[in-house]
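Read top to bottom, the protein sequences are chains A and B.
In short: position in the first sequence from 1, add 30, done, that's the working numbering.
In short: position in the second sequence from 1, add 498, done, that's the working numbering.
Even for Gly, the Cβ is constructed at its ideal location relative to N, Cα and C.
Predicted, not measured: the structure shown is a model, and the values here were computed from it.
Report on the following structure.
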Amino acid sequence: MTLSENQDQRSEASQELRSHPAVRNYMLLCLAALFLLVVCLAERGLEWWCLVPALIGCLALLTYWSHGPPLVLWSLAGLLSMSGPRSRGLHVGWWRFRMPTLMDLMLCVAVLAYVLGHYRLLSLVRHIFPLDPRRRRVDPAQRRSAALVTGWEMALLGAALPVWTGLAVVTWVWMMDYAPLLDMPLELWRVLRLVWAILAVLAVTGIMASYLRQTTATPEESLLYLQDQCWRQTHRAQSMFNRWLTWARLRAQRRTCVSRPSLRIREVRTRGQS
Amino acid sequence: MTGSYLSRSREANQFCAEKRFEIGTIPFRKNIPGAEKIMLTSRGCWFLFSVLVILSLGLLRLSLPLTLLGLTLLLWFAAQWLGFLVRLPGMRRLRVEREVWDDRSAVATLWAGQTFEVRVRLSHDGRLPSPHVLATDCLPFAVEQLNGSIHVQGIVQAKKPLEITYRIRCGPAGLARFEGVRIQSADWQGFFYHVHFVHAVVILPILPALTPRAVQPTSLKRHNLLLPPGIHRFRRPGSGSELLDLRDYLPGDPPKTIAWKVSARRGRLITKEFESEVPVRCTLFVDTSSSVRVPTPAGASSRQIRYGKALDRLIDIAAGVLQTNASIRDLTGLCLFDEYGAQYVAPDRGSVHRTKCLWLLAAVAARSAIPSSSFESREGGGIDPDHLLPLAYSFAAEVYPELLRSAVNSVPWAMTWLEGFSGYSRRLHLGLLELLHRRKSTLRTLCWWTSFWALILPLCLLLMRALMRTQALDHWLLLVVFVAPLTALATWAGTLFLFGVDAVAGGGKRRRDRWRKQLAALLSARYGLAPGGLAMLLEDDDAFSLLVQRFLSEHQVPYTLPLYSPEGRYLFAAPQKVPVLANALVRAVGKGRDNELFVLLADLLELDDALDPLLRAVQVALGRHHQVVLICPWPPGLERPHTQGERPVSTGRLTPAARLDPGHLEDQVTIQRFHRAYQRLRRMFTRLGVAVLCAAEEEPIPLILSRLERLRNLGRPYS
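What follows is the structure in structure tokens.
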């Protein structure tokens, strides 16, 4: 098969993949989410600037760019932080905007839908597993098969959007509930609480996962772990001993070779004749 | 000869196993992923970073939408992580069922060159469905995939297993080792990634192909009496039924053998002598030493390069002779010998005997080559472990990812950045950068000692000055006070500079050190050397190299080795096998009957000095009226030796530049060397009346069969 035939086949497969219903559905979902995003931003009075995240998102969708969602998020962060109360010179407390509006919730739903859809789309058309640096080309097996996308998956996605937004609101309300300790500023107190909550969840999950992994370890893994611990504690001394032992072995071999010249002569004769 | 034989032999990294792992020609250049851990992919890293930026901005700039958005995304991300984590233990409880089918049913043995269908079923009993998985069956190196896919994607559920079906074609005789299934799992967004290997080792022997030969010996019916199959007339006096000769009666001859009519005609008693009826027996002596197991390159170009062993051809010949003899019920024996001993199977007939021989041949074919000098003394002729390290590590990362996890097999960063490995046994061959990389701890020690003396020396002089109450030491004190800190400072600066050089230029070396440490730990635990074996394998290059070869051999991973040591010594010469072969031949002669054919399938090239015991044994065999044939294995891809009167095969017109190419010149020298060795061997054995043949041609099987036919039909073999 020639190179051009290979390229033709590849482009045909790519066209077929792009026209698959699953790919199309995720593409439509992302576009709808970007449209909703534009509406939410326009409602905040951002004028033409409200189109920037959507344009970036559309461009990333068309090119299947994996850095599209982070760029959309950063542009959004820039726009929203510029239009926040502090940027407008207002110094208001957290209590002034304690409950989010409907448009805030819609914004969250739109962004979550876009991020989710875009990443799943990338898994279908680019790769779901990380690329092997040794391979020059993406193996088609590294993509998620579009045939595996079911209606159940789309329904679950639709249900997940309001659920996670709702949970974020609950978390927000929880953050607002407690008074600060030690007379620290309210904003700092909120940040600290959030950071500690994240760290606590991470620590508990990490410990549980590592405990679970150790209890289900195979005998080989356990042996390897013990050996590794022993080596880490004593590797300098062990290295020194073994270096000397190796030196002694090589020296003994050299002496044996010297004391048996017949071996050498025979070897030289063999080589010489050949 | 096609292409450059020797230069390809040197390129130890261009092998089919290495092509599978795509290691490349420059070792340690690319990283090899695959250690089992829950990995946040770069996609996940960027997303998490963006979410944290949004959340921080929202909290710091008092933006409710941003904070809410950050919280939404963070909670969703955390839930994805937890969901992935919770479903992972089920991945380690996956079950693999494998069946290999021929056209009719599941089989337990494979045949060389035949096609089979492999069916793999992946299931588990857990309640939770798995995340999205990509299951990849680990294809043995001894087989070639024909169609179907070795991958399957999906979600493994309790009542919904995943199935992989594909067809394979078996390579030459040996073992096909199915290691298991590699499981890659990820969430649907591709944020989290986990690799696991489900070990389900199935080892199936690939028996040599038993295809009918086009050159079956033709038998002409010469007598009316049809003997039982496997019994042949032998023109020596015996108890057969065909008349051989008449002679004078001797006292003691049975009266029934008296030829009465002839006796009456001649006037004295004449006795009839009858032919002997015996089975024809053939014993195959197959060389299985390292010299025939070393893979050598063959192929028209570097793209079509294919590696083969001389042993494959020998096994093909042995299997062909076995089959042909079995079809006419002749007895065939088998003797497998190498440099350490011989395994003898007495001549016999029948399907059980044939299957036993084929199994033995398959088991022998599966063994890999190990340089004989390595086993003997592990002296300097051992293989440099860096030749095999990328391949062995790639394979270990694919098949044993759980044993390369940093939790159980860690590589402290200080070790690679600040210390390095000493590798004592190879110290004489180190370059400057390599020496710097390995001796960083020495530099560090030098710094500490310089600083120590820079502090101590002035203090000592001050103390002496105070105790001796003299000012004679003042100029010394002044000198030391100035010079000592400067020396310490210069040492530190020089060391920092050298560390910087190593940090910049030593990326590949650090990667090599990490691979070596992890592989040494794995080998040490696997072969029962723990807990001290790890440090030993890090220091002793020869021991490490041997264990790596053993590891690769056990897993049937083909690998190439340099044929010559840096001193120019051939690493695979095994002169010890000659006395072993001679003893085996004498033993077979001792147990032999009337007419035997001994076929020596042995690599005796460049062993001229060591051939005396074998020549004596051959003379013994010939003295007992047996026949001996020597078949010399020939490296695949090497131009076969031309016989007398035959013109050498032209390799095509070469340009002057190509003629002056060192690789081409080396190839020509190697070819000449092989040819001269073959001609010497041929001369030696032809003098004794032993036919010598090269196994590169199609000739050997017909020749052996024609010799057997000669024994059957012509009678007395020495006549």
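Cβ neighbour criterion (16 or more within 10 Å) applied to residue i
| i | result |
| --- | --- |
| residue 658(B) | exposed |
| residue 120(A) | Low confidence applies here, because residue 120(A) scores a pLDDT of 49, under 50, leaving its location unreliable and the question unanswered by this model. |
| residue 194(A) | buried |
| residue 972(B) | exposed |
| residue 138(A) | buried |
| residue 281(A) | exposed |
| residue 695(B) | buried |
| residue 42(A) | exposed |
| residue 198(A) | buried |
| residue 652(B) | buried |
| residue 852(B) | buried |
| residue 839(B) | exposed |
| residue 825(B) | exposed |
| residue 645(B) | exposed |
| residue 125(A) | Reliability fails at residue 125(A), whose pLDDT of 46 lies under 50, so the model's placement of it is uncertain and the value that follows must be treated cautiously. That one is exposed. |
| residue 134(A) | buried |
| residue 1052(B) | exposed |
Residue i and residue j closer than 9 Å at C-beta
| i | j | result |
| --- | --- | --- |
| residue 609(B) | residue 538(B) | no |
| residue 620(B) | residue 650(B) | yes |
| residue 558(B) | residue 217(A) | yes |
| residue 1079(B) | residue 785(B) | yes |
| residue 1054(B) | residue 672(B) | yes |
| residue 740(B) | residue 788(B) | no |
| residue 1097(B) | residue 835(B) | no |
| residue 1059(B) | residue 1069(B) | yes |
| residue 1075(B) | residue 1000(B) | no |
| residue 959(B) | residue 981(B) | no |
| residue 663(B) | residue 596(B) | no |
| residue 580(B) | residue 549(B) | no |
| residue 690(B) | residue 578(B) | yes |
| residue 148(A) | residue 185(A) | no |
| residue 1173(B) | residue 1139(B) | yes |
| residue 679(B) | residue 636(B) | yes |
8 Å Cβ shell around residue i - same chain, five flanking residues per side excluded
| i | result |
| --- | --- |
| residue 745(B) | 768, 769, 771 |
| residue 76(A) | 109, 113 |
| residue 846(B) | 829, 830, 831 |
| residue 168(A) | 156, 157, 161 |
| residue 561(B) | 555 |
| residue 284(A) | none |
Same chain, Cβ closer than 7 Å to residue i, five either side skipped, listed in chain order
| i | result |
| --- | --- |
| residue 53(A) | 47, 151, 154, 155, 176 |
| residue 747(B) | 756, 767, 768, 769 |
| residue 174(A) | 153, 154, 158 |
| residue 1084(B) | 1115, 1118 |
Amino acids of chain B, ordered along the chain, whose beta-carbon sits closer than 7 Å to that of residue i
| i | result |
| --- | --- |
| residue 77(A) | The premise fails here: residue 77(A) is roughly 17 Å from chain B at the closest Cβ pair, so nothing lies under 7 Å. |
| residue 96(A) | 541 |
| residue 107(A) | 551, 552, 555, 564 |
| residue 272(A) | 1033, 1034, 1037, 1038 |
| residue 265(A) | 1033 |
| residue 198(A) | 566, 569, 570, 573 |
Same chain only: Cβ atoms within 6 Å of residue i, ignoring 5 sequence neighbours per side
| i | result |
| --- | --- |
| residue 993(B) | 941, 945 |
Within chain A, partners of residue i - CB distance below 8 Å
| i | result |
| --- | --- |
| residue 842(B) | Result: empty, since nearest Cβ-Cβ is about 29 Å, beyond 8 Å. |
Closer than 8 Å: residue i CB and nearest the ligand ATP heavy atom
| i | result |
| --- | --- |
| residue 51(A) | This structure does not include the ligand ATP; it has no bound ligands of any sort. |
Partners in chain B for residue i, counting only beta-carbon separations shorter than 8 Å
| i | result |
| --- | --- |
| residue 47(A) | Chain B residues near residue 47(A): none, gap ~14 Å exceeds 8 Å. |
| residue 83(A) | Neighbours of residue 83(A) on chain B: none; closest Cβ ~12 Å, over 8 Å. |
| residue 262(A) | 908, 910 |
Under 7 Å by beta carbon: chain A residues contacting residue i
| i | result |
| --- | --- |
| residue 907(B) | 254, 258 |
| residue 691(B) | 159, 160 |
Within chain B, the residues that residue i reaches when beta carbons sit closer than 9 Å
| i | result |
| --- | --- |
| residue 306(A) | Past the edges of chain A, shown from 31 to 304, lies residue 306(A), and the structure says nothing about it. |
| residue 155(A) | Within 9 Å Cβ-Cβ: nothing; residue 155(A) doesn't reach chain B, min ~12 Å. |
CB contact below 9 Å: residue i versus chain E
| i | result |
| --- | --- |
| residue 80(A) | Chain labels in this structure do not include chain E; the protein chains are A and B. |
**Item:** the segment 766-774 of chain B touching the segment 737-755 of chain B, judged by at least three CB pairs closer than 8 Å
**Value:** yes
**Message:** Contact between the segment 1175-1186 of chain B and the segment 1092-1111 of chain B is defined here as three or more beta-carbon pairs at a separation below 8 Å; is this criterion met?
**Reply:** yes
**Request:** Determine contact between the segment 244-256 of chain A and the segment 1010-1029 of chain B, defined as no fewer than three beta-carbon pairs at a distance below 8 Å.
**Result:** yes
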